[in-house]
Ligand SMILES: C[S@@+](CC[C@H](N)C(=O)[O-])C[C@H]1O[C@@H](n2cnc3c(N)ncnc32)[C@H](O)[C@@H]1O
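In our numbering, the protein residues as written are 11 to 294.
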């Protein structure tokens, strides 16, 4: 039983709802081009560090002929994914000791995971389970654009709460979160030095701006509510005694943002993410 990530770092809703948006079909064309996978083949795809499963769920929609297996060592994430996502085999286990046979996958993929695992171990296991000429896809979040609406700025009640709690950095250090973060130059260099060939890079820009008219109302409200869930879950994960007033303040902020959206009073707040995709071929 391992609940390190879900109990201390990011909760189920934070990860699932934000990734469900990032991997919405709206953005599929960008990923399709960057993944460059042969859809006609019956691919066996392994997602490493799948969290609560939003990317695996998208892969199942996007590659209906493929067999999707997804692994994470956090028991809560795997339990949630098994209950809520059909068509994917979810496995609890460690990326540095994958419980799979050698030469058994056509593709390995991970999103915001390489930052947390020692690179030689991260790549060695993928090389082992990938077939000859298999594709390794590493997705890594880059600095995006974040502009909150006026009504979503942190209130004094929240500031007081976070001033009381704030030992966030210790948690990150304690669990080696982001210990192996790399620059945009280092990422492909490290994939190459770990034995992958034909390495290429690209960027998916996921524009989450609820007021943009191209987004249907439900998707726009999902963007606002994903941020709400993440703020509420952060309070819960802090393990500090959360007074009702903090929870109420957060809910009130997001309720008013939804109201403004429904009235058509544009705020143009945005949370635009940039995901770097590094792609390499396993040559045995
Ligand atoms: C930033 S989260 C990303 C989760 C998911 N890929 C997503 O985008 O929602 C990092 C994930 O890596 C998992 N993880 C970290 N080290 C791991 C390891 N050695 N083996 C398996 N999973 C690991 C954590 O449990 C966590 O779910």
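Even for Gly, the Cβ is constructed at its ideal location relative to N, Cα and C.
Ranked by how close their Cα comes to the Cα of residue 195, the residues 137, 288, 258 have 288 in first place.
The DSSP-derived three-state label of residue 80 is strand. Annotation note: the region 139-201 contains the following uninterrupted alpha helix (DSSP H) runs of length 4 or greater, listed N- to C-terminal: 166-175, 178-184. Counted as a single uninterrupted DSSP element, the beta strand (DSSP E) harbouring residue 285 occupies residues 280-292. With contacts defined as CB atoms closer than 8 Å, residue 232 and residue 264 fail to qualify as a contacting pair. For residue 33, no alpha helix (DSSP H) encloses it, and the DSSP letter there is neither H nor E. DSSP, read as helix, strand or coil, puts residue 213 in strand. Look at residue 13 here: in three-state DSSP terms it is coil, with no helix or strand label. The count of Cβ pairs closer than 8 Å, one atom from the region 239-257 and one from the region 204-215, stays below three, leaving the stretches out of contact.
Taking C-beta atoms under 8 Å as the contact rule, residue 285 and residue 199 fail to qualify, at a distance of about 19 Å. Per DSSP, the beta bridge partners of residue 207 are 291. With respect to residue 63, residue 91 sits close: the two C-beta atoms are nearer than 8 Å. At least 8 Å separates the beta-carbon of residue 83 from that of residue 67.
Residue 173 and residue 43 have their C-alpha atoms spaced approximately 44 Å apart. Taking 7 Å as the cut-off, the C-beta of residue 27 does not count as close to any heavy atom of ligand 1. Comparing alpha-carbon positions, the option among 77, 283, 149 lying closest to residue 211 turns out to be 149. The shortest CA-to-CA distance from residue 118 to any of 139, 35, 112, 126 is the one to 139. Residue 123 counts as buried, since at least 16 other C-beta atoms from the protein chains shown sit within 10 angstroms of its C-beta. By the criterion of a C-beta distance shorter than 6 Å, residue 276 is surrounded in its chain by 221, once the five residues flanking it on both sides are discounted.
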